[in-house]
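Under my numbering, residue 619 is the last one in the sequence shown; the count climbs by one each step, no gaps.
The next block holds one structure in the form of structure tokens; read it before the comments.
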Amino acid sequence: LSMNEGKVECIREIINARPNAVAVAAFGNSYWTDGPFMRYVAVNRLPGGSKGAALMINGGEPPEEYKGLFRCVEQSKTMHRH
538 LSMNEGKVEC IREIINARPN AVAVAAFGNS YWTDGPFMRY VAVNRLPGGS KGAALMINGG
598 EPPEEYKGLF RCVEQSKTMH RH
């Protein structure tokens with residue numbers, strides 16, 4: 538299942554299957570479906586000691602367990618150029 542904790546398992550499988558692979562960024566729009574995966578990326582240390590980046594898009598106010606972990610943005614409009 539690729540939501541909630543299932544996304545964490547998916548990314549672990551992908552990373553463990555490749556030598557020297559790391560997850561550097563995560564993007565999502567739901568604390569329930571994307572939160573655990575995004576937390577996994579945001580708290581794991583990368584080579585050199587930095588942390589991964591996680592961006593929550595239109596997720597609203599974060600639940601207590603996610604406060605301060607993600608950058609949060611609200612997007613209300615997209616523009617297309619032809």
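Note that CB positions come from ideal geometry on N, CA and C, so glycine has one too.
Straight across, the Cα-Cα distance linking H617 with M575 is about 28 Å. Following the DSSP letters along the chain, one finds F574 inside the alpha helix (DSSP H) bounded by residues 568-580.
In the structure shown, G597 adopts coil according to DSSP, grouped into three states. If the five residues before and after S539 are omitted, its C-beta is found closer than 6 Å to the C-beta atoms of C547, all from its own chain and listed in chain order. Across the set E550, R582, T570, the C-alpha of T570 shows the shortest separation from the C-alpha of M593. With a cutoff of 8 Å on beta-carbon distance, G543 and A563 are scored as not near each other.
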